[in-house]
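Novice: Each residue of the sequence shown is one higher than the last, beginning at 4 in our numbering.
Where is the CB? At the ideal position from N, CA and C, for every residue including glycine.
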Amino acid sequence: MSVNSELELRLASNDEQRAAHANCHDVWSMGMPLDAHVERRMTSAMHQRARWYVGLCEGHVVTGLGCHPTLFSVRGAATPGIAIASVHTLSSHRGRGFAPRLIEFVEREERAAGARLSVLFSDVGVPYYAQMGYRACPAHRAGAETPPQVAVVLRNLKLQPATVAEYLPVMQELHATLCRESPLYFVRTREYARQLTQRYPSDQCLLLMDGGEAVGYLQVALRPNLLLIRDLGVRDDATHLRRAMYELIFDRAQQLGLARVEGWLPRDYDTTEYFYVAARPQEITMFKPLDKSVVLDEACLAAADRVCEIDHV
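1) By a C-beta neighbour count over all protein chains shown, 10 Å radius and 16 as the cutoff for buried, is Lys291 buried or exposed?
2) Going by DSSP, name the residue or residues bridged to Trp55.
3) In the structure shown, what three-state DSSP assignment does Gln285 receive?
4) Once DSSP output is grouped into helix, strand and coil, what is the label at Val298?
5) What is the DSSP secondary structure of Ala22, reduced to helix, strand or coil?
6) Can you tell which of Cys182, Gln222, Leu231 has the C-alpha that lies nearest to the C-alpha of Asp308?
7) Using the beta-carbon count (16 or more within 10 Å), is Gly34 buried or exposed?
8) Would you decide whether Gly214 is buried or exposed? Buried here means 16 or more other CB atoms lie within 10 Å of its CB.
9) Going by DSSP, what residues sit across from Asp234 in a beta bridge?
10) Pull up the CB-CB distance for Arg144 and Arg283, whole angstroms please, since I reckon it's below 8 Å.
11) For Gln201, report the span of its alpha helix (DSSP H) as first-last.
12) To the nearest angstrom, how far is it from the Cα of Leu14 to the Cα of Gln20?
13) Whose C-alpha, out of Val297, Gln285, Asp271, Val280, is nearest the C-alpha of Ala305?
14) With the cut-off set at 8 Å, would you say Phe253 and Thr166 are in Cβ contact?
15) What does Leu162 pair with, by DSSP beta-bridge criteria?
16) Which residue marks the beginning of the alpha helix (DSSP H) containing Glu169, and which one marks its end?
17) In the DSSP output, what is Ala77 paired with across the bridge?
18) For the candidate residues Leu123, Val223, Ala302, Arg99, whose alpha-carbon lies nearest to that of Gly69?
19) Which same chain residues end up closer than 6 Å to Asp234 when comparing Cβ atoms and leaving out the 5 residues on each side of it in sequence?
20) If you follow the beta strand (DSSP E) that Arg263 is in, where does it begin and where does it stop?
21) Roughly how far, in whole angstroms, is the beta-carbon of Tyr203 from the beta-carbon of Ala224, given that I think they are within contact range, below 8 Å?
22) Determine the direct distance from the alpha carbon of Ala217 to that of Ala281, and round the result to whole angstroms.
23) Would you tell me roughly how many angstroms separate the C-alpha atoms of Arg263 and Ala256, rounded to the nearest one?
24) Excluding the 5 residues flanking Glu11 on each side, which residues of the same chain have their C-beta closer than 8 Å to its C-beta?
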């Protein structure tokens with residue numbers, strides 16, 4: 004292909020979507036061979052939910068991305084938007100501005116369809132997307148070694164395994180209570196909440212129970228020597244419930260013989276009492292208004308530190 008080839012931007016056909024997935028095998032293969040990698044992305048709940056856009060040179064897909072429809076709340080106002088993911092350009096065509104052109108095209112198309120806010124999670128630092136108008140938010144990852152003994156203060160609270168059917172309505176309801184006062188968050192509609200539970204079928208779903216009442220939710224992945232917190236919330240974001248949740252997470256990790264607990268957690272007083280919290284070097288949360296009526300002040304950006312890894316695309 005000529006280096007001077009014209010870039011054609013458009014919504015991907017099924018074959019073009021497959022080509023875009025094949026192109027990014029070098030980055031997101033998860034150790035799978037090419038064919039398995041493509042099939043995983045074509046059939047996963049998360050990837051199927053997205054609209055896929057591509058850029059072609061001489062009929063070949065050279066750049067692509069996924070655009071996930073997302074509903075946000077900004078200062079209490081329901082704000083339709085998008086989450087941009089899997090931005091990738093073939094190594095042979097990098098350095099020519101293809102990805103920024105594709106992103107600009109997608110933003111224009113989605114804005115015309117009603118999107119007013121865009122989010123992405125940068126793996127290439129802040130400056131690259133900042134030049135396109137995206138603003139970085141606080142984005143932290145917490146981690147701690149599992150203590151040999153865990154002191155659980157509120158003994159009336161228990162973590163109870165739950166089926167997806169049991170977990171889903173509780174997660175959706177409690178997420179609404181903990182975000183009630185937040186100036187910016189991902190709205191978990193029933194469809195979106197259901198899709199979140201389908202993203203990682205091997206994860207464990209648990210409910211924080213106070214007697215017969217669910218007051219918190221937790222989704223975790225179990226990996227060699229690691230308990231990974233994928234999603235977490237407690238009723239009204241109450242301090243005593245959050246601290247009890249952390250204690251019970253460590254207790255569970257200890258019982259399972261897992262040496263470490265990690266996850267996307269905010270840098271706040273409660274979290275730093277239990278974890279070492281550091282800025283994420285990758286998967287940095289960045290927002291960009293697509294409509295002048297959407298204003299993101301510092302409080303909005305700070306609130307994004309509570310985005311959980313389950314929302315990452």
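Specialist: In short:
1) Sequence index remark: in the sequence shown, residue 291 carries index 288 (1-based). So Lys291 ends up on the buried side.
2) Translated into positions along the sequence shown, residue 55 becomes position 52. Answer by DSSP bridge pairing, in chain order: Gly69.
3) Against the sequence shown, residue 285 aligns to sequence position 282. Reduced to three states, the DSSP call for Gln285 is coil.
4) Along the sequence shown, read from residue 1 onward, the residue named residue 298 stands at position 295. Three-state result, Val298: coil.
5) The sequence position of residue 22 within the sequence shown is 19, counting from 1. Helix at Ala22.
6) On the sequence shown, position 305 is the one that residue 308 refers to. It is Cys182.
7) Start at 1 with the first residue of the sequence shown, and residue 34 comes out as number 31. When all chains shown are included, Gly34 counts as exposed.
8) Looking up residue 214 in the sequence shown gives position 211. Using a 10 angstroms sphere on the CB of Gly214, the tally of other CB atoms stays under 16, which defines it as exposed.
9) Residue mapping note: residue 234 aligns to position 231 of the sequence shown, counting from 1. Gln222, per the DSSP bridge assignment.
10) Taking the first residue of the sequence shown as 1, we reach residue 144 at position 141. Taking the first residue of the sequence shown as 1, we reach residue 283 at position 280. So it is a contact: roughly 5 Å between Cβ atoms.
11) As a first step, residue 201 is located in the sequence shown; it is residue number 198 there, counting from the start. First-last of the alpha helix (DSSP H) with Gln201: 193–202.
12) Reading the sequence shown from its first residue, position 11 is the one you call residue 14. Reading the sequence shown from its first residue, position 17 is the one you call residue 20. About 9 Å.
13) To locate residue 305, count along the sequence shown from 1; it is residue 302. From the listed residues Val297, Gln285, Asp271, Val280, the smallest Cα separation to Ala305 is found for Asp271.
14) As a first step, residue 253 is located in the sequence shown; it is residue number 250 there, counting from the start. As a first step, residue 166 is located in the sequence shown; it is residue number 163 there, counting from the start. Not closer than 8 Å, so no.
15) Against the sequence shown, residue 162 aligns to sequence position 159. Bridge partners of Leu162: Leu211.
16) Residue 169 sits at position 166 when you count from the first residue of the sequence shown. 167–181 is the extent of the alpha helix (DSSP H) around Glu169.
17) Translated into the one-based positions of the sequence shown, residue 77 becomes position 74. According to the sequence provided, residue 77 is Val. The question's Ala does not apply to it. Val77 pairs with Ala80, Leu187.
18) For the purposes of this step, residue 69 is taken as the residue at position 66 of the sequence shown. That would be Leu123, whose Cα lies nearest to the Cα of Gly69.
19) Here residue 234 refers to the residue found at position 231 when the sequence shown is read from its first residue. Correct list, in chain order: Gln222, Cys311, Ile313.
20) On the sequence shown, residue 263 is found 260 positions in, with the first residue counted as 1. Taken as a continuous stretch (DSSP letters only), the beta strand (DSSP E) holding Arg263 covers 263–266.
21) Counting from 1 along the sequence shown, the entry for residue 203 is found at position 200. Counting from 1 along the sequence shown, the entry for residue 224 is found at position 221. Indeed, because the Cβ distance is near 6 Å, the residues count as touching under 8 Å.
22) Sequence index remark: in the sequence shown, residue 281 carries index 278 (1-based). Sequence index remark: in the sequence shown, residue 217 carries index 214 (1-based). Taking the straight line from one Cα to the other gives about 30 Å.
23) As a working mapping, residue 263 is identified with position 260 in the sequence shown. As a working mapping, residue 256 is identified with position 253 in the sequence shown. As the crow flies, the alpha-carbon of Arg263 is around 7 Å from that of Ala256.
24) Against the sequence shown, residue 11 aligns to sequence position 8. Counting only Cβ-Cβ distances below 8 Å, and skipping sequence neighbours, we find Gly58, Leu59, Cys60.
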